[in-house]
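Below is one structure; the comments refer to it alone.
Protein chains: 2
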Amino acid sequence: MRRRRIGEFELIARYFAPLAKSFPGAGGLLSDNAFLPSDARRDLVVKTDTVVAGVHFLADEKPELVAAKALRVCLSDLAAGGGEPFAYQLSLSLPTSWSERWIAGFARGLAADQRRYGIVLSGGDTVTTPGPLTVTVTAFGRVPHERGLTRGGARAGDRLFVTGTIGDGALGLLAARGRISSSALEKRYRLPQPRSGLGPRLVGVASAVADVSDGLLADAGHIAEASRLAVRIERERVPLSAAARRFVAAEPVLWANVLGGGDDYELVIAVSPRKQAALLAAARAAKVKVTAIGTFTRGKGVELTIAGRPVRAPRKGYVHF
Amino acid sequence: MRRRRIGEFELIARYFAPLAKSFPGAGGLLSDNAFLPSDARRDLVVKTDTVVAGVHFLADEKPELVAAKALRVCLSDLAAGGGEPFAYQLSLSLPTSWSERWIAGFARGLAADQRRYGIVLSGGDTVTTPGPLTVTVTAFGRVPHERGLTRGGARAGDRLFVTGTIGDGALGLLAARGRISSSALEKRYRLPQPRSGLGPRLVGVASAVADVSDGLLADAGHIAEASRLAVRIERERVPLSAAARRFVAAEPVLWANVLGGGDDYELVIAVSPRKQAALLAAARAAKVKVTAIGTFTRGKGVELTIAGRPVRAPRKGYVHF
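Below, the structure written as structure tokens:
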């Protein structure tokens, strides 16, 4: 039985229908279904992500930031797939204590990101739960037919590039928890900046792409594994923000967080030497910094070097603190 | 930070990747994104539904039935939209106490319904939650370009038809709770039977369609409201199963559950008199019984009649017991 809190229809009409009004296929959210019009030349790229209060974001996070985080982790994956985002489905599981004020803030956050990324709400579901607030977004993008980017296309000899700076997400989590002090890093953790402007420009340029959500070593490793290759990363080439550089210099153990933590939402990009100029041009056009940090080779696994010498890489993927 | 239980990759590889192997765009679930190929002649119809343990299904429900329910409530909506289902995204929020045995049963349930409905897993997300098990499905179907069905197309003079029998879902919930005794009704509640075979045949035939998830009066009312009409329903024409007829005869107060409860996952269909023969032919082809139970007229609201006399309709939508 779909037991819906009294007022679900009003809640949708007041806060969510306005977010869908420019998308004809959403039927003003009065329809159960969303209709996405056919497009002969472009495939759909689809990504689903779930975030849970107290697990994927701080339990007392502002509703605007919860909305932004839920959307942006999906948009980051679409960017890695080369997708131009255009719509999303939203499932909202609200604790029984939900307030209209919280919903209003959440809807404001969605509206701001709709403008920022050119997306629109196409449909979804709202339920109540005895558990924590849980948000599932399924985001839709478009890519030229059969040219979507995956982790699986890297070749031996490809260079590994990364966008922006690495480690700010993981250090930002430490900042959010009061372990270190940096409002810039904390903001970076709370509000990811997906590379939506660059992603579509990588189609036909990159041979494989992933976003840095599990950590640089893990996500570069995912490309290597899916492409049946090894990847070598030179630590001194990994681009750090000024704040990250300062914390790592003072406390070198934090390199484990920088390389092994996640939540950067940068892109790791495999590119053949002959496409390198095209990558740099795409990055300039998107106003995104890219840095070469390594190379794909025959073999298996992730190798980290410091001053040319291989070191034991920190454990891949999420590191518990 | 995406904190994933150790073993998420193994869990996906073992239980979910096999469910995606016939869908090339899923990339064996190794890719973050799913790619749905373009189709020039058909639009995509999309529906998202979330079910929460202890709210939308019994907390100790078998995992096979949880899988079936989560999928089928979505497929029911796609059927109402005229969609031919073909793929779905799955988000699974697992309580920290999850067992591999539970996952295996859940995956078996998904696999059985994939065969039954011709669908395949295209992607998704798995997280752990301190709250109850929560499943969000976003299902994809295809409809001829710009011919998807909505609630909004009924016209004054259209007849209202309903598929199958009504009230078994709500009475089945009473049976599942031990309030009445009927294994047939209980099964009907636990395992919805969406009208996926009929839905696509209604394109070009029905003027408006909804599925009966909130209750017959509520869902017929949704069509009336979206079409800016009134609807009159003759109670004696509402088709009941033999079991439902027996309970209602013994305890007429249960009519409120039959007409006001939900979870039937039948379709309510508005059809113009000149398309009525086509509807009956479509129903025969799909081997689904359809019954005329009312009429759309100018005006507003839902009117229930008994032996031609209007009565106060039970409260619309979900009725708490």
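Each protein sequence line maps, in turn, to chains A and B. All letters in the first sequence, in the order written, are residues 1 to 321 by full-length UniProt numbering. All letters in the second sequence, in the order written, are residues 1 to 321 by full-length UniProt numbering. A virtual CB, placed ideally from N, CA and C, is assigned to each residue, including glycine. Just so you know, these numbers come straight off a predicted model, no measurement behind them.
Per-residue DSSP class, three states only, for residue i
i        : result
B/Tyr88  : strand
B/Arg274 : helix
B/Leu11  : helix
B/Glu303 : strand
A/Val66  : helix
B/Ser182 : coil
A/Leu94  : strand
A/Asp113 : helix
B/Ala244 : helix
B/Arg284 : helix
A/Gly260 : helix
A/Val73  : helix
A/Asp125 : strand
A/Pro24  : helix
A/Val253 : helix
B/Ala53  : strand
A/Glu100 : helix
B/Glu236 : helix
B/Gly149 : The question names Gly, but residue 149 of chain B in the sequence shown is Leu. DSSP places B/Leu149 in coil when its eight states are reduced to three.
A/Ile269 : strand
B/Leu36  : strand
Supposed close pair residue i, residue j - CB separation, criterion 8 angstroms
i                      : j        : result
B/Ala208               : B/Thr134 : Incorrect: roughly 31 angstroms between the Cβ atoms, too far for contact.
residue 323 of chain A : A/Thr291 : Outside the modelled stretch of chain A, which goes from 1 to 321, sits residue 323 of chain A, for which no answer is possible.
B/Leu78                : B/Gly141 : 4 angstroms
A/Phe35                : A/Gly25  : 4 angstroms
A/Lys47                : A/Ala139 : 5 angstroms
B/Gly152               : B/Ser227 : 6 angstroms
A/Ala20                : A/Ser122 : 7 angstroms
residue 390 of chain B : B/Gly109 : Any answer about residue 390 of chain B is impossible in this case: the structure gives chain B only from 1 up to 321.
Between the CA atoms of residue j and residue i - distance to the nearest angstrom
i        : j        : result
B/Thr305 : B/Pro239 : 15 angstroms
B/Ala230 : B/Val212 : 18 angstroms
A/Arg195 : A/Ala286 : 9 angstroms
B/Glu251 : A/Leu90  : 41 angstroms
B/Pro132 : A/Thr129 : 8 angstroms
B/Phe81  : A/Ser31  : Just to set this straight, residue 81 of chain B is Gly in the shown sequence, not Phe. Approximately 9 angstroms, taken between the alpha carbons.
B/Ala111 : A/Glu64  : 38 angstroms
B/Ala170 : A/Thr165 : 55 angstroms
A/Asn33  : B/Asp264 : 18 angstroms
B/Ile223 : A/Val137 : 28 angstroms
B/Ala62  : B/Leu11  : Note that residue 62 of chain B is Lys in the sequence shown here, rather than Ala. Looking at the two C-alpha atoms, the distance is approximately 19 angstroms.
B/Arg159 : B/Pro85  : 27 angstroms
A/Arg115 : B/Pro95  : 35 angstroms
B/Gly7   : A/Pro37  : 38 angstroms
B/Val120 : B/Leu71  : 11 angstroms
A/Pro18  : A/Pro310 : 55 angstroms
B/Arg177 : B/Ser76  : 24 angstroms
B/Phe106 : B/Ser182 : 25 angstroms
B/Val288 : B/Trp255 : 24 angstroms
Own chain residues within Cβ distance below 6 angstroms of residue i, not counting five before or after
i        : result
B/Val127 : Ser93
B/Ala283 : Val290
A/Cys74  : Lys47, Asp49, Val137, Ala139
Nearest candidate by alpha-carbon position, reference residue i, set the options
i                      : options                                : result
A/Gly167               : A/Gly221, A/Gly301, A/Ala154, A/Arg188 : A/Arg188
residue 327 of chain A : A/Ala249, A/Leu259, A/Glu186           : The requested residue 327 of chain A is not part of the displayed model; chain A covers only 1 to 321.
B/Ala154               : B/Gln276, B/Ala20, B/Val271            : B/Val271
A/Arg237               : A/Ala13, A/Ala307, A/Glu84             : A/Ala307
A/Gly199               : A/Leu174, A/Thr163, A/Trp255           : A/Thr163
A/Val203               : A/Glu100, A/Phe9, A/Leu171, A/Ala281   : A/Ala281
B/Val248               : B/Pro18, B/Gly152, B/Leu174, B/Pro95   : B/Leu174
B/Ala218               : B/Asn257, B/Ala243, B/Ser99            : B/Asn257
B/Ala242               : B/Gly197, B/Pro273, B/Leu185, B/Ala20  : B/Leu185
A/Ala210               : A/Val268, A/Asp49, A/Gly221            : A/Val268
A/Glu266               : A/Gly215, A/Arg108, A/Tyr117           : A/Gly215
B/Val143               : B/Gly172, B/Pro310, B/Gly83            : B/Gly83
A/Leu191               : A/Arg245, A/Trp102, A/Leu58            : A/Leu58
A/Pro273               : A/Gly118, A/Ala156, A/Ala244, A/Glu225 : A/Ala156
Nonlocal neighbours in the same chain, by C-beta distance under 8 angstroms from residue i, ignoring five residues either side
i        : result
A/Arg2   : With a pLDDT of 45 at A/Arg2, under the threshold of 50, the modelled position of that residue is not reliable, and the figure given next carries that caveat. Result list for A/Arg2: Val127, in chain order.
A/Lys275 : Val205, Ala206, Ser207
B/Glu100 : Leu11
B/Gly261 : Gly167, Gly169, Ala170, Leu171, Leu173, Gly215, Tyr318, Val319
Close Cβ partners of residue i (< 7 angstroms) along its chain, the five nearest in sequence each way excluded
i                      : result
B/Arg232               : Gly294, Thr295, Thr297, Glu303, Thr305
residue 328 of chain A : Only positions 1 to 321 of chain A appear in the structure, and residue 328 of chain A is not among them; the question remains open.
B/Lys300               : Ala230
Which of the residues in the region 28-46 of chain B, read from start to end, lie with their CB under 7 angstroms from any CB of chain C?
Structure shown: chain C not included; protein chains present are A and B.
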